[in-house]
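> If you want my numbering, it's the position in the sequence shown, counting the first as 1, plus 135. Heads up, the beta-carbon is just placed ideally off N, CA and C, and yes, glycines get one too.
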Amino acid sequence: MVKNKPNPYFDDSYDKAAANLRLALSVLAEHRLPSSPVNFRLAYDLIDGRSRSLNDEFKEVVSAPNTDLNDGLWALYRKFYIQDEEALELIRSELEGIVSGVVNECGTANGDLQGYSERLSSLADLMSSDAKSELTLATVRKTIEDTREVAESQQQLGTQLTDVLKEVREIRKVINQVRDESHIDSLTGVSNRRAFDLALDSSIDKSLERKEPLCLLLCDIDSFKQFNDTYGHLIGDKVLQYVAKQLKKSIKGRDFVSRFGGEEFAIILPQTPLQNAEIVAEQLRVIVSKSKLRKAKSGDVYGHVTLSFGVAELDPDETRNDLIERADRALYRAKKNGRNRVEVSSIGDNDQRE
Numbered sequence: 136m137v138k139n140k141p142n143p144y145f146d147d148s149y150d151k152a153a154a155n156l157r158l159a160l161s162v163l164a165e166h167r168l169p170s171s172p173v174n175f176r177l178a179y180d181l182i183d184g185r186s187r188s189l190n191d192e193f194k195e196v197v198s199a200p201n202t203d204l205n206d207g208l209w210a211l212y213r214k215f216y217i218q219d220e221e222a223l224e225l226i227r228s229e230l231e232g233i234v235s236g237v238v239n240e241c242g243t244a245n246g247d248l249q250g251y252s253e254r255l256s257s258l259a260d261l262m263s264s265d266a267k268s269e270l271t272l273a274t275v276r277k278t279i280e281d282t283r284e285v286a287e288s289q290q291q292l293g294t295q296l297t298d299v300l301k302e303v304r305e306i307r308k309v310i311n312q313v314r315d316e317s318h319i320d321s322l323t324g325v326s327n328r329r330a331f332d333l334a335l336d337s338s339i340d341k342s343l344e345r346k347e348p349l350c351l352l353l354c355d356i357d358s359f360k361q362f363n364d365t366y367g368h369l370i371g372d373k374v375l376q377y378v379a380k381q382l383k384k385s386i387k388g389r390d391f392v393s394r395f396g397g398e399e400f401a402i403i404l405p406q407t408p409l410q411n412a413e414i415v416a417e418q419l420r421v422i423v424s425k426s427k428l429r430k431a432k433s434g435d436v437y438g439h440v441t442l443s444f445g446v447a448e449l450d451p452d453e454t455r456n457d458l459i460e461r462a463d464r465a466l467y468r469a470k471k472n473g474r475n476r477v478e479v480s481s482i483g484d485n486d487q488r489e
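1. Taking only the alpha-carbon atoms, compute the straight-line gap between Ala462 and Gly367 and give it to the nearest angstrom.
2. If the criterion is Cβ atoms closer than 8 Å, does the pair Phe362 and Val378 meet it?
3. Do Leu449 and Tyr437 come within 8 Å of each other at the CB atom, strictly closer than that value?
4. Do you know whose CA, among Cys354, Arg389, Tyr179, lies nearest Ala334's CA?
5. Pair every Cβ in the stretch 348-358 with every Cβ in the stretch 397-411, then say whether three or more of these pairs are closer than 8 Å.
6. Would you decide whether Gly184 is buried or exposed? Buried here means 16 or more other CB atoms lie within 10 Å of its CB.
7. Measure the Cβ-Cβ separation of Ala412 and Leu404 and say whether it is below 8 Å.
8. Are Val423 and Thr407 close, meaning C-beta to C-beta below 8 Å?
9. In angstroms with no decimal places, state the Cα-to-Cα distance between Ile339 and Leu349.
10. Give me the Cα-Cα distance between Ser481 and Arg329, rounded to the nearest whole angstrom.
11. In three-state DSSP terms, what is Asp390?
12. State the beta-bridge partners of Leu160 as determined by DSSP.
13. Is it true that the CB of Ser385 sits closer than 8 Å to the CB of Val325?
14. Under the rule that 16 or more other beta-carbon atoms within 10 Å means buried, what is Gly445, buried or exposed?
15. Keeping to the same chain, check which residues put their C-beta closer than 7 Å to that of Ser192; ignore five residues upstream and five downstream.
16. So Leu351 packs on Ile459, CB below 8 Å; how close in whole Å?
17. Are the beta-carbon atoms belonging to Val197 and Leu189 less than 8 Å from one another?
18. Please classify Ile402: is it buried, with 16 or more other beta-carbons within 10 angstroms of its beta-carbon, or exposed?
19. What residue ranges within the stretch 373-443 form continuous beta strand (DSSP E) runs of no fewer than 3 residues, ordered along the chain?
20. Taking the beta carbon of Glu478 as the centre, do at least 16 other beta carbons fall within 10 Å, making it buried, or is it exposed?
21. In its own chain, which residues sit with a C-beta less than 7 Å from the C-beta of Ile319, not counting the 5 before and 5 after it?
22. Only counting the same chain, and skipping five residues up and downstream in sequence, which positions put a Cβ closer than 7 Å to that of Asn174?
23. Kindly give me the distance between the Cβ atoms of Ala465 and Ala447, rounded to whole angstroms, as I take these residues to be in contact under 8 Å.
24. Does the beta-carbon of Leu343 have 16 or more other beta-carbons within 10 angstroms, so that it is buried, or is it exposed?
25. Could you compute how far the alpha carbon of Ser443 sits from the alpha carbon of Ala416?
26. Reducing DSSP to helix, strand and coil, say where Ser480 ends up.
27. Please determine, among Ala152, Asn201, Lys471, the residue with the shortest C-alpha to C-alpha distance to Ile182.
28. Expressed to the nearest angstrom, what Euclidean distance is found between the alpha-carbon atoms of Val421 and Gly473?
29. In terms of DSSP beta bridges, what is Gly367 paired with?
30. Could you give the DSSP three-state label for Leu458: helix, strand or coil?
31. Taking DSSP as the reference, what is the three-state secondary structure of Gly445?
32. For Glu133 and Asn155, what's the separation of their Cα atoms in angstroms?
33. Using only alpha-carbon positions, find the residue among Lys430, Asp332, Gln376, Thr365 that is nearest to Thr454.
34. Looking only at C-alpha atoms, which of Gln376, Glu347, Leu158, Lys360 sits nearest to Leu409?
35. Alpha carbon to alpha carbon, how far is Pro172 from Arg304? Give it in angstroms, no decimals.
36. Does DSSP put Asp206 in a helix, in a strand, or in coil?
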């Protein structure tokens, strides 16, 4: 573990953040580094003195000969900041908030300076008719020039910060896209186990908060191993894809289907009591059992695909793992009792696998 890491949770005041931001941009300019969100975050924490280790390693990276600077800085960023998804999201939000705030500040300050410059210009025009005021007039003109320079500097800073903000938002889009893709099962196109775990936790929380029923269906493709061994893994993959497609298109918008693992799928049914969940499972079972898989060229039938289902309703006093275990036990009974059927686990069932 890297010691002395910068704290990803910003607690700077607005004024301090604005001052650090300007200095951070100076650091980037000094080393001729692009104002990307990654480089900006590193420079910001260097200015803020959040980590001595970061400061030392940054100096090593920028001074190392014959080294790709972008690769070195990205490696440094990953080492010090990439900890988990929640921390990354917080960093992105805080960075965007800081940059947005200072962009607005620059816009306001630039407008104020522009108005001040215009008022001085008007004053200079009035004074130009008075020959005795040459010294004062020169002073005012110098002040006008200085004001214009500051206004131009503020405008350049505002433009630079606006570019940084655009990059932050683009990176957020890419990260969100990657995150979405990481929640999809690449073979079947439905959600994967990781997404299921998140969705189930969220559904349970909502169910308990709103005092609404919640049911879980677990289903398994009957005799899948035999089918796989007989026709090959490519055909087995097509079976998985077909079942996933049928399940996905047959559920409602608020329901959630995912690949649970291997040839098993899970379906979360919010706002659904046990009796209705059993009906849904039976409908899905019938839809799949009526299908026939045919060879693409000859049209010959491979065979029928059938599903066994286990259904369980959430007990407010049980954990998520308890709910999954009860649905799994019901699925086991369905397989044991002949396959291609639906078995239900009522709240309070304590049946065990033999």
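Looking at the atomic coordinates:
1. For the purposes of this step, residue 462 is identified with residue 327 of the sequence shown, where counting begins at 1. For the purposes of this step, residue 367 is identified with residue 232 of the sequence shown, where counting begins at 1. If you take the alpha carbons of Ala462 and Gly367, they lie about 30 Å apart.
2. The residue you call residue 362 lines up with position 227 of the sequence shown. The residue you call residue 378 lines up with position 243 of the sequence shown. The answer is no: Cβ separation not under 8 Å.
3. Locating residue 437 in the sequence shown gives position 302, counting from the first residue. Locating residue 449 in the sequence shown gives position 314, counting from the first residue. No, they are not a contact pair.
4. Position 199 of the sequence shown, counted from the start, is the residue given in the question as residue 334. Measuring C-alpha to C-alpha distances from Ala334 to each of Cys354, Arg389, Tyr179 identifies Arg389 as the nearest.
5. yes
6. As a first step, residue 184 must be located in the sequence shown, where it is residue number 49. With fewer than 16 Cβ atoms within 10 Å of its Cβ, Gly184 is classed as exposed.
7. Mapped onto the sequence shown, residue 412 falls at position 277. Mapped onto the sequence shown, residue 404 falls at position 269. In contact: Ala412 and Leu404 (Cβ atoms closer than 8 Å).
8. As a first step, residue 423 is located in the sequence shown; it is residue number 288 there, counting from the start. As a first step, residue 407 is located in the sequence shown; it is residue number 272 there, counting from the start. No, Cβ-Cβ distance for Val423 and Thr407 is not below 8 Å.
9. The residue given as residue 339 occupies position 204 in the sequence shown. The residue given as residue 349 occupies position 214 in the sequence shown. Rounded to whole angstroms, Ile339 and Leu349 show a C-alpha spacing of 7 Å.
10. Along the sequence shown, one-based indexing puts residue 481 at 346. Along the sequence shown, one-based indexing puts residue 329 at 194. Ser481 and Arg329: Cα-Cα distance of roughly 26 Å.
11. Indexing the sequence shown from 1 puts residue 390 at position 255. Of the three classes helix, strand and coil, the one that applies to Asp390 here is coil, per DSSP.
12. Here residue 160 refers to the residue found at position 25 when the sequence shown is read from its first residue. None; Leu160 has no bridge partner.
13. Residue numbering aside, residue 325 sits at position 190 when the sequence shown is read from its first letter. Residue numbering aside, residue 385 sits at position 250 when the sequence shown is read from its first letter. No, these two residues do not count as a Cβ contact at 8 Å.
14. On the sequence shown, position 310 is the one that residue 445 refers to. By the Cβ neighbour-count rule, Gly445 is buried, with 16 or more other Cβ atoms within 10 Å of its own.
15. Reading the sequence shown from its first residue, position 57 is the one you call residue 192. The identity of residue 192 in the sequence shown is Glu, whereas the question assumes Ser. Within the same chain, Glu192 has close Cβ partners Leu211.
16. As a position in the sequence shown, residue 351 is number 216, starting the count at 1. As a position in the sequence shown, residue 459 is number 324, starting the count at 1. Rounded, the Cβ-Cβ distance is 7 Å, consistent with contact.
17. Looking up residue 197 in the sequence shown gives position 62. Looking up residue 189 in the sequence shown gives position 54. Against a cut-off of 8 Å, the Cβ pair of Leu189 and Val197 comes out as no contact.
18. Residue numbering aside, residue 402 sits at position 267 when the sequence shown is read from its first letter. Of the residues assessed, Ile402 falls on the buried side of the cut-off, its CB having 16 or more other CB atoms within 10 angstroms.
19. DSSP assignment within the stretch 373-443 yields the following whole beta strand (DSSP E) runs of 3 residues or more, N-terminal first: 391-396, 399-405, 427-429, 436-439.
20. Position 343 of the sequence shown, counted from the start, is the residue given in the question as residue 478. By the neighbour-count rule (16 or more Cβ atoms within 10 Å), Glu478 is buried.
21. Sequence index remark: in the sequence shown, residue 319 carries index 184 (1-based). Take Ile319, set aside five residues on each side of it, and the residues of its chain with a beta-carbon closer than 7 Å to its own are Ser326, Asn327, in chain order.
22. In the sequence shown, the residue the question calls residue 174 occupies position 39. So the qualifying residues of the chain are Leu163, Leu168, Leu208.
23. What you label residue 465 is simply residue 330 of the sequence shown in a count that begins at 1. What you label residue 447 is simply residue 312 of the sequence shown in a count that begins at 1. The pair is a contact, with the Cβ atoms about 6 Å apart (cut-off 8 Å).
24. On the sequence shown, residue 343 is found 208 positions in, with the first residue counted as 1. When all chains shown are included, Leu343 counts as exposed.
25. What you label residue 443 is simply residue 308 of the sequence shown in a count that begins at 1. What you label residue 416 is simply residue 281 of the sequence shown in a count that begins at 1. Using only the alpha carbons, I get a separation of about 9 Å.
26. The sequence position of residue 480 within the sequence shown is 345, counting from 1. Ser480: strand per DSSP, three-state reduction.
27. By one-based count along the sequence shown, residue 182 stands at place 47. Nearest option by C-alpha distance: Ala152.
28. If you number the sequence shown from 1, residue 421 lands on position 286. If you number the sequence shown from 1, residue 473 lands on position 338. In a straight line, the C-alpha of Val421 is about 15 Å away from that of Gly473.
29. By 1-based counting over the sequence shown, the position of residue 367 is 232. According to DSSP, Gly367 shares a beta bridge with no other residue.
30. As a working mapping, residue 458 is identified with position 323 in the sequence shown. Leu458: helix per DSSP, three-state reduction.
31. What you label residue 445 is simply residue 310 of the sequence shown in a count that begins at 1. The three-state secondary structure of Gly445, taken from DSSP, is strand.
32. The structure shown does not extend to residue 133, since the chain is modelled only from 136 through 489, so no value can be given for it.
33. The residue labelled residue 454 in the question sits at position 319 within the sequence shown. It is Asp332.
34. In the sequence shown, residue 409 corresponds to position 274, counting from 1. For the residues Gln376, Glu347, Leu158, Lys360, the minimum Cα distance to Leu409 belongs to Glu347.
35. The residue given as residue 304 occupies position 169 in the sequence shown. The residue given as residue 172 occupies position 37 in the sequence shown. Straight-line Cα distance between these residues: approximately 10 Å.
36. Along the sequence shown, read from residue 1 onward, the residue named residue 206 stands at position 71. Of the three classes helix, strand and coil, the one that applies to Asp206 here is helix, per DSSP.
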